[in-house]
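Notes follow once the structure below has been shown.
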Amino acid sequence: MKLVYLYHSGFALLGEGYTIVFDYFEDSRSDDKGILHKEILSREGRLYVLASHSHYDHFNREVLSWSAFRPDIVYVFSRDIMLSAEEEQERKVIRMRKGDVFQDDCLEIHAFGSTDIGVSFLVKIEGKTVFHAGDLNNWHWMDESPEAEWKRDEGFFLRELEDIAAYTDRMDVVLFPVDPRLGREYMRGPLQFVKRIKTAIFVPMHFDESYRKARAFVPLAAQEGTRVWVPARRGQQTDLD
Numbered sequence: 000m001k002l003v004y005l006y007h008s009g010f011a012l013l014g015e016g017y018t019i020v021f022d023y024f025e026d027s028r029s030d031d032k033g034i035l036h037k038e039i040l041s042r043e044g045r046l047y048v049l050a051s052h053s054h055y056d057h058f059n060r061e062v063l064s065w066s067a068f069r070p071d072i073v074y075v076f077s078r079d080i081m082l083s084a085e086e087e088q089e090r091k092v093i094r095m096r097k098g099d100v101f102q103d104d105c106l107e108i109h110a111f112g113s114t115d116i117g118v119s120f121l122v123k124i125e126g127k128t129v130f131h132a133g134d135l136n137n138w139h140w141m142d143e144s145p146e147a148e149w150k151r152d153e154g155f156f157l158r159e160l161e162d163i164a165a166y167t168d169r170m171d172v173v174l175f176p177v178d179p180r181l182g183r184e185y186m187r188g189p190l191q192f193v194k195r196i197k198t199a200i201f202v203p204m205h206f207d208e209s210y211r212k213a214r215a216f217v218p219l220a221a222q223e224g225t226r227v228w229v230p231a232r233r234g235q236q237t238d239l240d
């Protein structure tokens, strides 16, 4: 099983007989001539395209055109993503809200909550659990918000985290925002996550080009027994086996 970093919160999970694309926004090159278009979309096996919510940096409508050359494609979208009736019917889109489960002969997908719109995804495949947080994070903005406000927002996150922990307190791979825009406490949410959910491999996302800021989470996660993989560039991949 391999994980490929595309950009922002976009990843591709590659395994024997399947490909899963999470929250596609841009390819590994912004001109759409990167690894996804050149190699990944033509891989043999079933193709799953997951989109956690409708924000432009998590859902690119281009993915709908892929069904023209990949009739095996399976779309799994959050219910907030707006499609025409024709688009939805032709592509047989599977819609998910918090608490929904989709399962076929290859994988199982559980939808959990978010602290923004949409959902987060827990995928069970090849005996592993892979979690894509979407926009689930502790969006506290404490550097610019009154204490009562940011503590309220933190409470939203902690409640969602407890809902996940009630289902499982261990995960193999977690893709989660480490967003420097939050200011001095930008790693607060990721650290709260790995403290509550035993995480084997943590992969930062939603950091734009701030690779150094994302790498700063490595020693904090190590204190919780979590290994962190921070891609050094778009299109980089790592082996999860």
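Numbering follows numbering that gives the first Met the number 0, with no gaps: position 187 of the sequence shown is 186.
Backbone N, C-alpha and C fix where the C-beta goes; we use that ideal spot for every residue, glycine too.
Could you give the DSSP three-state label for Gln235: helix, strand or coil? On the sequence shown, position 236 is the one that residue 235 refers to. Here DSSP, grouped into helix, strand and coil, assigns Gln235 to coil.
Thinking Asp71 and Arg45 are a contact (beta carbons under 8 Å), I'd like their distance in whole angstroms, please. Taking the first residue of the sequence shown as 1, we reach residue 71 at position 72. Taking the first residue of the sequence shown as 1, we reach residue 45 at position 46. Yes, they are in contact, since the Cβ atoms of Asp71 and Arg45 sit about 5 Å apart, within 8 Å.
Can you check whether the CB of His52 is closer than 8 Å to the CB of Ser248? Since the first residue shown for the chain is 0 and the last is 240, residue 248 is missing from the structure and cannot be characterised.
Which same chain residues end up closer than 7 Å to Leu190 when comparing Cβ atoms and leaving out the 5 residues on each side of it in sequence? Position 191 of the sequence shown, counted from the first residue, corresponds to residue 190. Hits under 7 Å: Leu219.
Report the three-state DSSP secondary structure of Leu160 (helix, strand or coil). Counting from 1 along the sequence shown, the entry for residue 160 is found at position 161. For Leu160, the three-state secondary structure derived from DSSP is helix.
Pairwise C-alpha distance: Phe130 and Phe111: Stepping through the sequence shown from its first residue, residue 111 is reached at position 112. Stepping through the sequence shown from its first residue, residue 130 is reached at position 131. Roughly 10 Å separates the two Cα atoms.
Between the Cα of Leu5 and the Cα atoms of Arg232, Trp149, Arg42, Val227, which residue gives the shortest distance? Within the sequence shown, residue 5 is the residue found at index 6, counting from 1. Ranking the options by Cα distance to Leu5, first place goes to Arg232.
Taking the C-alpha atoms as reference points, what is the distance between Val92 and Asp134? Here residue 92 corresponds to residue number 93 of the sequence shown, with the count starting at 1. Here residue 134 corresponds to residue number 135 of the sequence shown, with the count starting at 1. Roughly 21 Å separates the two Cα atoms.
Expressed to the nearest angstrom, what Euclidean distance is found between the alpha-carbon atoms of Gln88 and Glu43? Counting from one through the sequence shown, the residue named residue 88 turns up at place 89. Counting from one through the sequence shown, the residue named residue 43 turns up at place 44. Each residue's alpha carbon lies about 25 Å from the other.
Lys97 - DSSP class collapsed to helix/strand/coil: The residue you call residue 97 lines up with position 98 of the sequence shown. In the structure shown, Lys97 sits in coil (DSSP, three-state: anything other than H, G, I, E or B).
So, do the segment 115 to 123 and the segment 187 to 207 have three or more beta carbon pairs nearer to each other than 8 Å? In short, these stretches do not touch, since the Cβ pair count stays below three.
From the DSSP output, in three-state form, read off Ile34 for me. Position 35 of the sequence shown holds residue 34. Residue state, collapsed to three classes: helix.
Between which residues of its own chain and His36 is the CB-CB distance below 6 Å, once the five residues before and five after are set aside? By one-based count along the sequence shown, residue 36 stands at place 37. Same-chain partners within the cutoff: Asp26.
Identify whether Arg180 lies in helix, strand or coil by the three-state DSSP scheme. Indexing the sequence shown from 1 puts residue 180 at position 181. Reduced to three states, the DSSP call for Arg180 is helix.
By how many angstroms is the C-alpha of Ser41 removed from the C-alpha of Arg226? Counted from its first residue, the sequence shown places residue 226 at position 227. Counted from its first residue, the sequence shown places residue 41 at position 42. Arg226 and Ser41: Cα-Cα distance of roughly 31 Å.
DSSP on Glu215, reduced to helix/strand/coil? What you label residue 215 is simply residue 216 of the sequence shown in a count that begins at 1. Sequence check: residue 215 is Ala here, not Glu. Of the three classes helix, strand and coil, the one that applies to Ala215 here is coil, per DSSP.
Per DSSP, the bridge partner or partners of Ser131: To locate residue 131, count along the sequence shown from 1; it is residue 132. In the sequence as displayed, the identity of residue 131 is His instead of Ser. According to DSSP, His131 bridges with Phe120, Leu174.
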